[in-house]
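First up is the structure itself, then whatever we jot down about it.
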Amino acid sequence: MSNLEFKEQMHEYSQWRAKLIQAIEMYHQWRNRYGMNDAHSTDIILNILTGLESDRITLAFVAEFSRGKTELINSLFFAETGLRLLPSSPGRTTMSPTELFYDEKGGSYIRLLNIESRLEDISLAEVKKKPERWHHIDLDCNSPTQMQEAFKELVATKLVDRELADKLGLWNEREAAEQGIINPEKVEIPCWRHALISFPHPLLKEGLAILDTPGLNALGTEPELTLSMLPSAQAIVFVLAADTGVTKSDMEMWRSHVCSNTRGSSKQGLAVVMNKIDAMWDDLSGDNGYEASIQSQVKNSAFILKINEAAIFPVSAKQALLAKVKNDQALLEKSRLTVLENYLANDILRQRQSILMDTIVRDMGFLISESSNLTNSAYNNAVSQLEEFKKIDFQNQDMTAKLMAETRDRQNVYLANIENFQASRRVFSVQAKMLVDSFGKEKIDAIIKRTKNDMSKSLTTYGMKQNIRKLFDELRDLLQDSVDITNETRRLVKAIHKKFKDEYGFQEIEPQLFSIKQYQFELEQIFEEGEAFRTSTKTTMTEQSIVINKLYNTLIAKARNILGQAHTDASVWSNSVLTPLMHQIKDHKRQIESRLQMLRKINESKGDIVESIESLEAELAPLKRQRDELATIIRAMQLDAHSFSRS
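Whatever position you read off the sequence shown (first residue = 1), add 153 for the numbering used here.
What follows is the structure, given as structure tokens:
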């Protein structure tokens, strides 16, 4: 059964990640064992491990009301409960954005955030860190009926004064008038702004997370959903109804909230599901006519949405759920859910795996490269020293004395190296401090505080928009200053490496250079997304200062995160960029000392060369073991595809 395929793929992905974590932990122990660890490499490795352990595959489902989106989630993931776990009966549709995942520490629960919190100046990300702010319902995982009952709370509504509904962005006079509602005192609104659901479903335990977003209204009033939560999902599943095709509100949602998130990002999967194909099953035109009308609807939708027809999946979520509950293979095939499941399993999971590998290579590749270079160099030096000693006539006292004098000269050069290195490091640390300080939190917060203050005085949407633009212009200028400092710092690092290679014959290490481009690109993208959001949302929403305020806060949070990341990355980089040189210097010292000790031993033993050669051979064994252990660990990380001879 093909759903097993998705489950199996998810299980395999989870196993792969566990093995990768284990291999990285082994590498960390290896560095400790051979005295190669330092605070910064430890930080890098522990950050990667934390990221991998908390990694989730998030699938975001986006659709206008009544497209059968919740039914689709039920049929894809929760059919084995034998119930419609998430409420999806006609007229009862999920009102608040809902996240499903498994929180091992927190257990099984539903947490609901009240709708009034929208009026507060606090982001969803911040409020998620405060469990006491949420209404908490325990879930009994042994009772699907208790869970089903608890989930009904997701569709709860209440009556409030029209004025409050208006403030919350949940009242639209024109839309109400179209439904014949004119000037009501009370308005029905959702009780909850956001829902978090945790329970130990096998897929959720493997790291799957689901984001279920209700209609255009919620996306239009919660900038954080569009600007933060959707972009961080691995795939967006956009649901249309086969019987209506692409409607005007589908199109608004597609343009404003879906396209803006997948634009320019090849890293994110996108599937358009054309649900409810069972509405065409009783077509009098027979199987051929039914097939033709589905193809025609797919073709038409692909043309309107300007996407490839292969990205559109016609399904019947309702019939698929029924088929799985009844174990009816023929009906499951007819529902066509299998094709969508295969896409999610094969494309999305493989894509995520590839992104994680790229991240590890980017963040840790230079450490592994350095470890490889040092272990190979130590082993090769020991081999060549052994070969050299085998050929030397140690009976000749003059020859031994000459070798000792040469080695002592090398030791003196080494001491000069150390002094030069310390001097270079002092110059570098002054430059590096300028770089790290250029992303200082104080500078950023001063800009934010100033523009926010100006914004609170501005009552018009236009004025607010100008302040958002001003904020981004000032942050751009801040980054531009950092660009100049970065270029100067990069030049200095290259010069230090070149000096040690040219003057002291050190092995050439390509220094890992700090780049600011990524942060500039991300900042520009936020500004574009924010501008697209502001201009595309329904006019009534745009007029509301609460939405603009939320938009501003969301953009600020994202911009602050990006610059905070730049600050952290610059700090980690400046602390670790010269470490490979330092390790080479240490290794050089060890080699000279070992050579001197061996020569002294030969000199004192007055010619027991065989024993000395044997002890040199014995020294090769641990070096070979160190090298072989590293090769095994790199294989276990499955990083063989990436070249680490020079990262």
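C-beta atoms are modelled at their ideal positions from N, C-alpha and C, and glycine is treated no differently.
Put M427 into one of helix, strand or coil per three-state DSSP.
Reduced to three states, the DSSP call for M427 is strand.
Is it right to say H289 is buried, meaning 16 or more other beta carbons lie within 10 angstroms of its own, or is it exposed?
With fewer than 16 other Cβ atoms within 10 Å, it is exposed.
Leaving aside the five residues before and after A395 along the sequence, list all residues of the same chain whose C-beta is less than 8 angstroms from its C-beta, in chain order.
Cβ within range, chain order: M427, N428, K429, I430, A432, M433, I447, Q450 and P467.
Please classify P775: is it buried, with 16 or more other beta-carbons within 10 angstroms of its beta-carbon, or exposed?
Exposed: under 16 other Cβ atoms inside 10 Å.
Do the segment 161–168 and the segment 498–507 meet, that is, are 3 or more Cβ pairs less than 8 angstroms apart?
Yes, the segment 161–168 touches the segment 498–507.
Do A685 and S276 count as a contact pair if the criterion is CB distance below 8 angstroms?
With a cutoff of 8 angstroms on beta-carbon distance, S276 and A685 are scored as not near each other.
With DSSP as the reference, please indicate the residues paired to R264 in a beta bridge.
Paired residues: H289 and L349.
Could I get the ranges of all uninterrupted alpha helix (DSSP H) runs contained in the segment 584–614, with 4 residues as the minimum, in chain order?
Runs of the alpha helix (DSSP H) inside the segment 584–614: 594–610.
Determine the direct distance from the alpha carbon of G373 to that of L676, and round the result to whole angstroms.
Rounded to the nearest angstrom, the gap between the Cα atoms of L676 and G373 is 22 angstroms.
For L628, tell me which candidate among L393, Q673 and D551 has the shortest Cα-Cα distance.
Considering only alpha carbons, the answer is Q673.
Relative to the alpha-carbon of S167, which residue among L238, L361, N185 and D481 has its alpha-carbon at the smallest distance?
When L238, L361, N185 and D481 are compared, the shortest CA-CA separation from S167 is found for L361.
Between H720 and R713, what straight-line distance do the alpha-carbon atoms span, to the nearest angstrom?
Answer to the nearest angstrom: the Cα atoms are 10 angstroms apart.
What's the gap between the Cα of A771 and the Cα of S525?
The straight-line gap separating the alpha-carbon atoms of A771 and S525 is approximately 21 angstroms.
Which stretch, first to last residue, makes up the beta strand (DSSP E) that contains L253?
Counting along the chain, the beta strand (DSSP E) containing L253 begins and ends at T251 to F254.
Top-ranked residue by Cα proximity to D722, from G683, S385 and Q665
Selected option, being the one with the closest Cα: Q665.
I'd like to know if the segment 739–751 and the segment 545–552 are in contact, where contact means that at least 3 CB-CB pairs between them fall below 8 angstroms.
Result no; under three Cβ-Cβ pairs closer than 8 angstroms.
Can you tell which of A535, E764, L509 and E257 has its C-alpha closest to the C-alpha of S747?
Of the listed residues, the one whose Cα sits closest to S747 is A535.
Can T400 and V215 be called in contact, C-beta distance under 8 angstroms?
For T400 and V215, no; Cβs fall outside 8 angstroms.
Who are K311's beta bridge partners in DSSP?
The partner list for K311 (beta bridge, DSSP) reads I342.
Bridge-paired residues (DSSP) for G422:
G422 pairs with A388.
Cα separation between K654 and K555?
Here the C-alpha atom of K654 lies approximately 26 angstroms from the C-alpha atom of K555.
Which of the three DSSP states is assigned to A395 in this structure?
Under the three-state reduction of DSSP, A395 is assigned to coil, being neither helix nor strand.
State the Cα-Cα distance for the pair E377 and D274, rounded to the nearest angstrom.
Taking C-alpha positions only, E377 is separated from D274 by approximately 13 angstroms.
Taking the CB atoms as reference points, tell me whether E757 and W183 lie closer together than 8 angstroms.
Going by C-beta atoms, E757 is not nearer than 8 angstroms to W183.
Out of P353, I198, L229 and L380, state which residue places its alpha-carbon closest to the alpha-carbon of D256.
Answer by Cα proximity: P353.
Residue environment, S419, which counts as buried when at least 16 other CB atoms sit within 10 Å:
Any reading at S419 must be qualified, since the residue scores a pLDDT of 45, below 50, and its modelled position is unreliable; no value is offered.
Inspect the CB distances between the segment 469–478 and the segment 213–228 and report whether three or more fall short of 8 angstroms.
Cβ pair count under 8 angstroms is three or more, so yes.
Just the Cα atoms here: how many angstroms apart are E206 and I174?
When rounded, the separation of the alpha-carbon atoms in E206 and I174 is 8 angstroms.
Return yes when the Cβ of I465 is within less than 8 angstroms of the Cβ of L423, no when it is not.
Taking the C-beta atoms as reference points, I465 is found no nearer than 8 angstroms to L423.
Spatial distance of E405 from N295 (CA atoms)
Straight through space, the alpha carbons of N295 and E405 are spaced by roughly 41 angstroms.
Please report the distance separating the alpha-carbon of V725 from that of H193.
For V725 and H193, the gap between their C-alpha atoms comes out near 7 angstroms.
Nearest to W169 (by Cα), restricted to the options Q506, D481 and G333
Cα-wise, what sits closest to W169 is Q506.
Residue range of the unbroken alpha helix (DSSP H) whose run includes L475:
Run containing L475: A470 to K479, per the alpha helix (DSSP H) assignment.
Go to P367, then tell me how far its beta strand (DSSP E) extends in each direction, as first and last residue.
From DSSP, P367 is part of no beta strand (DSSP E); its letter is neither H nor E.
Along the beta strand (DSSP E) that carries I210, what are the first and last residues, could you check?
That run of the beta strand (DSSP E) goes I210 to A216.
How would you call E326, buried or exposed, if buried means at least 16 neighbouring beta carbons within 10 angstroms?
Exposed.
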